[in-house]
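Structure record follows, encoded as structure tokens.
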Amino acid sequence: MDPMAWLTLLVCVAILVGALAAVSLDNIVSAVIAAGLTSLFASVSYVILSAPDVAMTEASIGSGLSTAIFLYAINRTRRQEHDPDE
Amino acid sequence: MAKRLLIVLTLILLAFMFWDVAGNYVEKTALEALPGRYVAQGPDELGAPNLVTAVVVTYRGLDTLGEVTVLFLSAIAVGLLLTLGGGTDAAEPPKRASEIVETAVEYLFPIVILLGVYIFANGHLTPGGGFQGGAVIASATLLLFLSLPQSRLRHGLLSATESLSGFGYVVIGVLGIALAGGFLDNRVLPLGEYGRLFSAGAIPVIYTFIGLKVGTELSAVLERFKGNAP
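Line by line, the protein sequences are chains V and E.
Its first residue numbered 1, the first sequence is counted upward by one per residue in this note's numbering.
Its first residue numbered 1001, the second sequence is counted upward by one per residue in this note's numbering.
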């Protein structure tokens, strides 16, 4: 196989590992980070498939902004989650 | 037991569906009629070297207007829900970021904003466009929030920019009906010299509007999620 095919394979495996980690990790913050990593590797795969327009969107929205919004949302909901029990 | 059976049955059906796609996959050697027409006549007709942009902004311009509307509605919904839920509470002041982060963001912030503007202003020439540029601008806002959690955006300026951009986008679209081939036709402005910054008719103008709109909307959404917004 040529080097490009190996790179593609590596990126695909990284996407799968990231997605599995996002589903299986118990710590919710780690799971969100894993989902962000999955998006980042997906955007690399778009570059390999010569779709730079989509890759830009995926990198900035998928792995940047949505991860941040998830983290902010977790930060805000956890505080309310603990209140009723006490 | 019945549940397990259903799951297995669904998996078998899915496998059956995808078997046809994966098993009989033949790589296409030629474009189909409609994409072929876009590729053959797009550059002459619309004057945009980046064909993706020509398709997104002009040939499929109505879809893009729909996307912008969806984003607008979700930004409104986020603002409404987080304001109703008492989003203005600032219980404990957030921790300051480290000095390294603060200094780095101080230098990076204007550069990232500039990159965002470059991406949407050159959308008709290089990969990228209004959505990508807007998202990059919102990432700059995110950097700002990470380094200075107390910082606030000027909402009056943001809403004014956003509303005027949306209005300008639709106005150009309507002008297309009057002056050119139809709604959102980019030939309301002269096509200019192929490959220059000021070329491809209204595409750079439309993408500038979209970039500003998406950037301000996403920044406002981020601030709502961050909390202690005014």
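In this text, a Cβ means the ideal position worked out from N, Cα and C, and glycines have one as well.
All values reported here derive from a predicted model rather than from experimental measurement.
Chain-ordered chain V contacts of residue i [CB-CB under 9 Å]
i: V1068 (chain E); result: Going along chain V, no residue has its Cβ under 9 Å from V1068 (chain E), so there is no contact; the nearest lies around 14 Å.
Member of the options whose CA lies at the smallest distance from the CA of residue i
i: F1183 (chain E); options: E:L1082, E:V1174, E:T1208; result: E:V1174
i: A5 (chain V); options: V:S45, V:L16, V:V23; result: V:S45
i: S1159 (chain E); options: E:Y1107, E:I1111, E:Y1059, E:V1214; result: E:V1214
i: L1108 (chain E); options: E:V1117, E:G1130, E:A1140, E:F1120; result: E:A1140
i: Y1169 (chain E); options: E:E1045, E:A1054, E:A1015, E:T1064; result: E:T1064
i: G1227 (chain E); options: E:A1180, E:F1145, E:T1208; result: E:F1145
i: I1206 (chain E); options: E:T1058, E:R1096, E:T1069; result: E:T1058
i: L1218 (chain E); options: E:L1082, E:V1078, E:I1111; result: E:V1078
i: G1128 (chain E); options: E:D1185, E:S1165, E:I1203; result: E:I1203
Per-residue burial, residue i [other beta carbons within 10 Å of its own, 16 or more giving buried]
i: E86 (chain V); result: In this prediction, E86 (chain V) scores a pLDDT of 44, lower than 50, which makes its location untrustworthy; no coordinate-derived value is stated.
i: A1223 (chain E); result: It is worth fixing the name first, because residue 1223 (chain E) is Glu in this sequence and not Ala. Buried is the call here.
i: V29 (chain V); result: exposed
i: Q1132 (chain E); result: buried
i: V13 (chain V); result: exposed
i: N1050 (chain E); result: buried
i: E1198 (chain E); result: Inspection of the sequence shows that residue 1198 (chain E) is occupied by Phe rather than by Glu. Exposed, by the Cβ-count rule.
i: P1230 (chain E); result: Reliability of the predicted coordinates at P1230 (chain E) is poor, the pLDDT of 49 falling under 50, and the value obtained from them is presented with this limitation in mind. Exposed.
i: G18 (chain V); result: buried
i: G36 (chain V); result: buried
i: V23 (chain V); result: exposed
i: N27 (chain V); result: exposed
i: V1221 (chain E); result: buried
Chain V within 9 Å of residue i, Cβ atoms only
i: N1186 (chain E); result: no
i: T1053 (chain E); result: yes
i: L1164 (chain E); result: no
i: S1122 (chain E); result: This sequence places Asn at residue 1122 (chain E); Ser is not what is there. Closer than 9 Å: no.
i: I1113 (chain E); result: no
i: I1119 (chain E); result: yes
i: N1050 (chain E); result: yes
i: P1230 (chain E); result: Confidence in P1230 (chain E) is poor, its pLDDT being 49 and thus under 50, which makes the residue's placement unreliable; the coordinate value appears in the next sentence. Chain V, which has no Cβ nearer than 9 Å to the Cβ of P1230 (chain E), makes this no.
Chain V residues whose Cβ lies nearer than 7 Å to that of residue i
i: L1218 (chain E); result: L65
i: P1127 (chain E); result: P52, D53, M56
i: V1136 (chain E); result: S60
i: S1139 (chain E); result: S60, G64, L65
Residue i at chain E interface by Cβ criterion, 9 Å
i: P3 (chain V); result: no
i: I15 (chain V); result: no
Under 8 Å by beta carbon: chain V residues contacting residue i
i: Q1132 (chain E); result: D53, M56, T57, S60
i: L1144 (chain E); result: Neighbours of L1144 (chain E) on chain V: none; closest Cβ ~12 Å, over 8 Å.
Listed by chain order, chain E residues near residue i by CB distance under 7 Å
i: A73 (chain V); result: F1225
Rounded distance between the beta-carbons of residue j and residue i, thought under 8 Å
i: F1225 (chain E); j: A55 (chain V); result: That pair is no contact at about 25 Å.
i: S1147 (chain E); j: E1102 (chain E); result: 5 Å
i: G1201 (chain E); j: L1191 (chain E); result: 5 Å
Interface partners of residue i on chain E, CB under 8 Å
i: I28 (chain V); result: Within chain E, no residue comes near I28 (chain V); the closest Cβ sits about 16 Å away, beyond 8 Å.
i: I69 (chain V); result: V1221, L1222, F1225
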